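In the numbering used here, the protein residues as written are 2 to 334.
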């Protein structure tokens, strides 16, 4: 099965390109093996001195120095010291942080709002549409539940796995080996019957369909649990920009919410459309197509993430750096 589209990895991918407020004027720039930030003219604005960086979210960017993470502002000033083992981006005013192998949440002043006591955690916004539910998924004593922004337990820790809670108030959850869907009070709204699922809430223009796996095939259901697109695909992803990437007979293509093929099955791998471009793999390398299926950025990368605010992260060898929609690379050896 295609690994990139598994729910955990997909959420990781979302973590890398996470939406929300991003400053397109400051672009992560890789010089040698150190990161800084530049403008669209590639002139360095913040010195390339960090081991890793994130993108600017809510006017703060995560930076790694001496194997620890903190945050800088758009002037390059360190506003939250590099003291954490791992961090997430700021979303909806809070960022998740890991300290002593436990996760909690801080505000943009660095104040601990929710103590670091969880084994794992998602963000308060994990939806690329930037619509936030106000709930974050967290793991405690090997079980998953949801908390609000004060740290109050809203949905009890009982699930083996959960997806993000979308703004519409519905989340995927796994209980006793089966996946179903719960609402933002923890009420079961679609019974636990599937082998795997991906969440609702990613594309309101596509009737809000969720991919579900049953009997080794993927199909799509609506919020009532009704099967809208039959179980026929070998893999499937969310709907974004009105289309979903699906796999059939070893190749990937794109369908609309009626199940009609809009871009033929000809790719070795593919990810979702965002901002009218989608990453695709051909001959073992990744590039980008437009909504017509035309290759607009050559397949030369070892991996590529979707565009957000005009930028996409790509991998070439061991290096990861950013490109824009013209294919300009924000990187130098």
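Ideal Cβ placement from N, Cα and C applies to all residues, glycine included.
Computed from a prediction, not measured in an experiment: that's the story for all the values here.
Original post:
For residue 117 versus residue 100, is the C-beta distance shorter than 8 angstroms?
Top reply: yes
**OP:** Specify the secondary structure class of residue 319 as computed by DSSP and reduced to three states.
**Re:** coil
Original post:
Since residue 150 contacts residue 125 with CB under 8 angstroms, what's their CB separation in whole angstroms?
Top reply: 6 angstroms
Subject >> Uninterrupted beta strand (DSSP E) stretches inside the stretch 180-231 (no shorter than 3 residues) >> reply: 189-195, 211-215, 218-222
**OP:** Using alpha carbons as the reference points, say which of 297, 221, 242 lies closest to residue 260.
**Re:** 221
Original post:
Do you know whose CA, among 92, 36, 121, 234, lies nearest residue 61's CA?
Top reply: 92
Original post:
So, are the CB atoms of residue 215 and residue 201 less than 8 angstroms apart?
Top reply: no
**OP:** Quick one: give me the first and last residue of the beta strand (DSSP E) that residue 159 is part of.
**Re:** 154-160
Original post:
Given a threshold of 16 other Cβ atoms within 10 Å of its Cβ, counted over all protein chains shown, does residue 207 qualify as buried or as exposed?
Top reply: Note that residue 207 scores a pLDDT of 49, beneath 50, so its modelled location is shaky; the value from the coordinates is reported in the next line. Buried is the call here.
Original post:
Under the three-state reduction of DSSP, which class applies to residue 259: helix, strand or coil?
Top reply: coil
Subject >> CA nearest to the CA of residue 209, picked from 73, 242, 192, 57 >> reply: 242
Original post:
Which word fits residue 136, buried or exposed, when buried means at least 16 other C-beta atoms lie within 10 angstroms of its C-beta?
Top reply: buried
Subject >> Identity of the residue in 268, 278, 111, 269 nearest residue 70 by Cα >> reply: 111
Original post:
Got a sec? Which residues, its chain only, sit under 8 angstroms from residue 318 by beta carbon, not counting five neighbours each side?
Top reply: 303
Original post:
Does DSSP put residue 35 in a helix, in a strand, or in coil?
Top reply: strand
**OP:** Look up residue 87 in the DSSP assignment and say whether it is helix, strand or coil.
**Re:** strand
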